[in-house]
Amino acid sequence: MTEDTNHSPNTASNGVDAASSPPSLALVASAGDSPLTTAVTTLQREHSGWVTEIIQAFDEITLVVSREHIVELCRFLKIAPGLEFNMLSDITGADRGTEEEPRFEVNYHLFSTAKYHRLRLKILLNEEDTHVPTVTGVWRTANWHERETFDMFGVIFDGHPDLRRILLPDDWQGHSLRKDFPLRGYEPYSLT
Amino acid sequence: MSTSTVNVPAQFEVIDRPLDTQMTISFGPQHPSTHGVLRLEMVLDGEMVVRATPDIGYLHTGMEKLFEYKKYQQGIVITDRMDYLNPLGNNLAYVMAVEKLLGLEIPERAQVIRVLMCELQRIASHMVWLGTHALDIGAMTVFFYCFREREKILNLIEAASGGRLTPSYFRIGGIMMDLPAGFERRVQQCIDTFPRAFDEFNTLLTGNTIFQKRTQRVGYISAEDAIDWGLTGPSLRGSGVGLDIRRANPYSGYEQYDFEIPVEHDGDVWARYMVRMRELRESLKIVKQALGRLKPGPVKADAPKVVLPDREAMKVHMDALIHHFLIVTEGFNVPAGEVYHPIEGSKGELGCYVKSDGGPKPERVHFRGPSFVNLSALPHMAEGSMVADVVAIIGSIDIVLGEIDR
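In the order they appear, the protein sequences are chains A and B.
If you count by the working numbering, then the first sequence holds residues -9 to 182, one letter each, in order.
If you count by the working numbering, then the second sequence holds residues 43 to 448, one letter each, in order.
What follows is the structure, encoded as structure tokens:
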């Protein structure tokens, strides 16, 4: 179960907060803003339950979303005018550390071939429950990226057509990019 | 065939239907035409491919895990080994991602040198693509001509950085060291010979009926499917989508250069071939412009805690010595945060995702390899064609297994 985050985003303080939302959910927008930020603000207004936090840092926008709404959000982002994220560049997992809560993240990097803007979606997952709905129905390229995230982190994508390991051998034990997996592995891999 | 003595793990299905017309074979991982250790599980009905499923991971060396155990500057050598035909591109993606986190401003001369070296590297990478692609289709002479041209570029890269395939020429904050004396003259001599070489390739291949018949109407993918499968680079531009990261999200001063983005609309192997052939000439244009833009100046950013000081300064000045010592032994702290920086690699969108927790070692580094994503579209392109066409399609996607498997 993803949690509502209560740590503040690294926002650039150059504008007025949208008056209707609490500070951590408002995209700091000002008059000379890019179409992306205005479009994301509109998204926030219309579907306020989908996004739990917006982080603006290093000229990039990250939306922290809850996993229940990820598929709807992706479908919306793909076709909504002004957003039009028709390409999924990348899905990456990350392990924040064995002591962190939530431990895992899944990052989706979206790109629009029409508008040339980019967006990151982030899902936070606890160690016990690493299930995420698949977005292969939205972009077919998610297939291999989700397989790699499963292989390396053990994040299970519900509804994936073929969720099996992609880089490591099929009978490998463990998920190698987790922080508790040692750099050199446990023992030499043997084919027999 | 007897399968009773083989210990098959539970998730595999044993196919043993001797009277069936379909045969499942492994194309690879040891095969000269797969351009690396790629295995395709092909279900064939005679010569027709019913299903072609890539099985990758034979070159997986855990590079992304290695980054987490090394300081940021040590990670640059790991990036060389990913796409080993475009190492400067990998260097650039990683280095620019970290510079974005640090907020460094790169001096103009370093940016021009980066563009110059990356475009030379793009030409070299396309030379390998063309040589191996044509070789698979049967044109053996082109292979030698391409590698002869590539040798000139590798000599240039070695003169600048010391390495041919593993240059690690870029550093966080600039480049390793300035270009050697006489380098611009050597580059000019080299690129003066290239137009004639490219014309030679055209004579051998573009007008060649056999090559045309092997590549036209083979491996078709439409523009919508290409975007849906995440194709980028020449593979996408061959389907009619004029996307080039150098124009879409410019970096390192690319917005100041005048070059065209070749686009073809047929979506087949031939279109991808034509896009790359035209790209070679565009890269030459950029190299010429970069040579014209080179002005004397610093090649490293002004950030003493991140960028190593001048060697001579280190021997004489105390603060330079201390900075050198700290950077080499402890590394430098990078502000916490995450960055995804895409560049236009020779195969497509090469993205580097770096997540920092505030320390001297990254928390997570991930490379979005264009070959990884382009290969995932192979079943879409190859199913329904013949085995020989699969070879042509693999060549046209231009895969490098180091980037796919990392």
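We treat Cβ as the ideally placed atom computed from N, Cα and C, and that holds for glycine.
N97 of chain A is bridged by DSSP to A:T82 and A:K112.
Contact annotation for Y176 of chain A against chain B: no contact, minimum CB-CB distance about 13 angstroms [criterion: below 9 angstroms]. Shortest Cα-Cα distance from I146 of chain A to any of A:G83, A:L158 and A:E91 involves A:G83.
DSSP places H121 of chain A inside the beta strand (DSSP E), whose first and last residues are H121 to P123. When C-beta atoms of the region 65 to 75 of chain B are compared with those of the region 402 to 409 of chain B, fewer than three pairs fall below 8 angstroms, so the two segments do not count as touching. By a beta-carbon distance limit of 8 angstroms, G444 of chain B contacts Y126 of chain B. Their separation comes to about 5 angstroms.
Listed in chain order, the non-local C-beta contacts of I435 of chain B below 7 angstroms within the same chain comprise V260, G261, V311, L420, M423 and A424, local neighbours out to five positions each way being set aside. Looking from the CA of D148 of chain A, the closest CA among A:L157, A:E58 and A:N97 belongs to A:E58. Secondary structure at D220 of chain B: coil, using DSSP grouped into helix, strand and coil. The Cβ atoms of K342 of chain B and R156 of chain B do not sit closer than 8 angstroms to each other. By a beta-carbon distance limit of 8 angstroms, A135 of chain B contacts C394 of chain B. Their separation comes to about 4 angstroms. Near chain B, meaning a CB-to-CB distance below 7 angstroms, the residues of the region 25 to 54 of chain A are A47, F48 and E50. In this structure, B:D361 is the residue among B:I199, B:E380 and B:D361 with its C-alpha nearest to the C-alpha of A345 of chain B. Cβ proximity to chain A below 7 angstroms picks out H102, G104, E106, K107 and Y111 from the region 101 to 119 of chain B.
A distance below 6 angstroms between beta-carbons, with the five flanking residues on each side excluded, links S75 of chain B to the following residues of its chain, in chain order: D178 and V433. For the region 60 to 89 of chain A, the set of residues with a beta-carbon nearer than 7 angstroms to any beta-carbon of chain B comprises N76, M77, L78, S79, D80, T82 and A84, in chain order. In the DSSP assignment, K342 of chain B falls outside any beta strand (DSSP E), carrying neither H nor E. Neighbours of P92 of chain A across chain B, judged by C-beta separation under 7 angstroms, do not exist; the nearest C-beta is about 15 angstroms away. For the C-beta of R406 of chain B, the chain A residues within less than 7 angstroms are, from N- to C-terminus, A84. Under the three-state reduction of DSSP, D148 of chain A is assigned to strand. Legend: CB atoms of the region 280 to 311 of chain B lying less than 7 angstroms from CB atoms of chain A belong to residues V283, L285, A290 and N291.
When 8 angstroms is used as the limit between beta carbons, L114 of chain A is near no residue of chain B, the shortest such separation being about 13 angstroms. Between I364 of chain B and S413 of chain B, the C-beta gap is not smaller than 8 angstroms, which leaves the two residues out of contact. Closest by C-alpha distance to W40 of chain A, out of A:V54, A:F171, A:T28 and A:F75, is A:V54. For the set A:D170, A:P172, A:D49 and A:R168, the Cα lying nearest the Cα of H107 of chain A is the one of A:D49. Its chain contains V85, L86, D87 and V92 as the residues whose beta carbon lies nearer than 8 angstroms to that of Q64 of chain B, once the 5 sequence neighbours on both sides are disregarded; these appear in chain order. In this structure, B:G145 is the residue among B:G145, B:D97 and B:N128 with its C-alpha nearest to the C-alpha of N375 of chain B.
Straight through space, the alpha carbons of R314 of chain B and A332 of chain B are spaced by roughly 26 angstroms.
Taking the Cβ atoms as the reference, G78 of chain B lies roughly 7 angstroms from V442 of chain B, within the contact range of under 8 angstroms.
Boundaries around L82 of chain B are those of the beta strand (DSSP E), R81 to D87, since no alpha helix (DSSP H) includes it. Residues of chain B whose Cβ lies closer than 7 angstroms to the Cβ of T103 of chain A are, in chain order, I269, V283 and L285. With a contact defined as Cβ atoms closer than 8 angstroms, F66 of chain A and H37 of chain A qualify at about 7 angstroms. The Cβ atoms of F240 of chain B and L322 of chain B lie closer than 8 angstroms to each other.
With a cut-off of 8 angstroms on Cβ pairs, the region 97 to 116 of chain B is not in contact with the region 190 to 197 of chain B, counting fewer than three such pairs.
By the C-beta density criterion, V370 of chain B is exposed, having fewer than 16 other C-beta atoms within 10 angstroms.
The Cβ atoms of I156 of chain A and W134 of chain A sit closer than 8 angstroms to each other.
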